[in-house]
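Enquirer: Provided herewith is a single structure, encoded as structure tokens, for subsequent inquiry.
Numbering (the UniProt record's numbering), first residue to last: 1 to 259.
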């Protein structure tokens, strides 16, 4: 299905029959799309309408015309909910989707939400080691030198090779606009917003996650007033795909859905 919001064509999916207008809204991670939630949506649809969208710039949805911040995405989610006349009773977000949930819930932008499920969520900016700080300083110096017109003329491809060597896979795979968006997103630390989340929160985390480590999950549990952490042993950043039955059972129990 497609909705047009702010001149952007947005791909979304809805499943499940519910007598009320209550739904569970799924928010995917960076570089992902709504199809990854098919299993969890099937679980949730036993009680609620399950709705997921491809966020702008991902999946089959249009890309924004300029770089967006986390606040821009949060505002867009509000518009999506309003246009489709949804009443989300719960949010389920993975990685970047969890980052959006922090903004939405801490700022009380969705008063209908009663439950939150964070899966390997982003939002806590990692602290750089001394070695990482030195590496960044050297990179910035090299970038400055290689950007000078005379040097650039002599070594036209060196700067791009340097960027590719340092850049993450997400950055390399992104378009120019989404690269700038990624930089804006990852540089915002949302740790201080976690204590402002006032709804019961289920945290599902892979113990072998290297993108958002289990220590992040422990911080979420410590800082969110009403939160419980489910550790998925041996799973990585996509714990809900690596241990689907465990995650489905945890969510079913949390949302009181027959399993």
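Glycine included, C-beta positions come from ideal geometry on N, C-alpha and C.
The model shown is predicted, which means the values in this text are computed figures rather than measured ones.
1. Return the first residue and the last residue of the beta strand (DSSP E) that residue 118 is part of.
2. For my contact list, residue 186 and residue 69 are in at a C-beta cut-off of 8 Å; report their separation, rounded to the angstrom.
3. With respect to the alpha helix (DSSP H) encompassing residue 39, which residues constitute its N-terminal and C-terminal limits?
4. At the level of alpha carbons, what is the spacing between residue 96 and residue 29?
5. I need the boundaries of the alpha helix (DSSP H) containing residue 15, first residue and last residue.
6. Am I right that residue 205 and residue 214 are in contact with their C-beta atoms under 8 Å? What's the rounded C-beta distance?
7. Using the rule of at least 16 other Cβ atoms within 10 Å of the residue's Cβ for burial, across every protein chain shown, is residue 222 buried or exposed?
8. Opposite residue 205 in the DSSP bridges: which residues?
9. Is residue 148 near the ligand NAD, with its Cβ less than 7 Å from a heavy atom?
10. Is the segment 39–50 in contact with the segment 8–27, if contact means three or more CB pairs nearer than 8 Å?
11. Here's a check: name, in chain order, each residue in its chain whose Cβ is nearer than 6 Å to the Cβ of residue 191, leaving out the five neighbours to either side.
12. From the DSSP output, which residues share a beta bridge with residue 24?
13. Let's test the definition: count the other Cβ atoms within 10 Å of the Cβ of residue 266 and tell me whether it reaches 16, buried, or not, exposed.
14. What are the boundary residues of the beta strand (DSSP E) that includes residue 5?
15. Let me know if residue 78 comes out buried or exposed under the rule of 16 or more other beta-carbons within 10 Å of its beta-carbon.
16. Thinking residue 239 and residue 120 are a contact (beta carbons under 8 Å), I'd like their distance in whole angstroms, please.
17. Evaluate residue 1 with the Cβ neighbour count: other Cβ atoms within 10 Å of its Cβ, from every protein chain shown; 16 or more gives buried, anything less gives exposed.
18. Relative to the C-alpha of residue 193, which candidate in 150, 99, 250 and 112 has its C-alpha closest?
19. Rounded to the nearest angstrom, what separates residue 93 and residue 122 at their Cα positions?
20. I need the DSSP call for residue 247, collapsed to helix, strand or coil.
21. Taking the C-alpha atoms as reference points, what is the distance between residue 21 and residue 149?
22. For residue 277, count neighbouring C-beta atoms within 10 Å of its own C-beta (all shown protein chains included) and say buried if the count is 16 or more, exposed if not.
23. To which residues of the same chain is residue 9 closer than 7 Å at the C-beta, ignoring the five residues directly before and after it?
24. What is the DSSP secondary structure of residue 124, counted as helix, strand or coil?
25. Just verifying my parser: in three-state terms, what is the DSSP assignment at residue 238?
26. From residue 43 to residue 202, what distance separates their C-alpha atoms?
27. Do residue 109 and residue 23 count as a contact pair if the criterion is CB distance below 8 Å?
Expert: Taking the structure as given:
1. Element bounds for residue 118: 115–119.
2. The C-beta separation of residue 186 from residue 69 comes to about 11 Å, leaving the pair out of contact by the 8 Å criterion.
3. Counting along the chain, the alpha helix (DSSP H) containing residue 39 begins and ends at 38–44.
4. If I take the Cα positions, the gap works out to 4 Å.
5. Looking at the DSSP string, residue 15 is not in any alpha helix (DSSP H); the run it does join, the beta strand (DSSP E), is 8–15.
6. Indeed, because the Cβ distance is near 5 Å, the residues count as touching under 8 Å.
7. Residue environment for residue 222: exposed (fewer than 16 other C-beta atoms within 10 angstroms of its C-beta).
8. For residue 205, which the question treats as bridged, DSSP gives the partners 231.
9. Only the bare structure without any ligand can be found here, which leaves the ligand NAD out of the picture.
10. The segment 39–50, when compared against the segment 8–27, does touch it at the 8 Å Cβ threshold.
11. Taken in chain order, the residues that qualify are 124.
12. Paired residues: 50 and 90.
13. The structure shown does not extend to residue 266, since the chain is modelled only from 1 to 259, so the question has no answer here.
14. Segment 2–5, the beta strand (DSSP E) holding residue 5.
15. By the 16-neighbour rule on beta-carbons within 10 angstroms, residue 78 is exposed.
16. So it is a contact: roughly 6 Å between Cβ atoms.
17. Its Cβ having fewer than 16 others within 10 Å, residue 1 is exposed.
18. The alpha carbon of residue 193 has as its nearest neighbour, out of 150, 99, 250 and 112, the alpha carbon of 99.
19. Their backbone Cα atoms lie some 10 Å apart in a straight line.
20. Helix.
21. When rounded, the separation of the alpha-carbon atoms in residue 21 and residue 149 is 60 Å.
22. Examination of residue 277 is not possible in this model, given that the chain is present from 1 through 259 alone.
23. Excluding residues within five positions, the ones whose Cβ falls inside 7 Å are 2, 61 and 62.
24. Of the three classes helix, strand and coil, the one that applies to residue 124 here is coil, per DSSP.
25. DSSP places residue 238 in the coil class of the three-state scheme, outside both helix and strand.
26. If you take the alpha carbons of residue 43 and residue 202, they lie about 16 Å apart.
27. Using a Cβ distance threshold of 8 Å, residue 23 and residue 109 do not count as a contacting pair.
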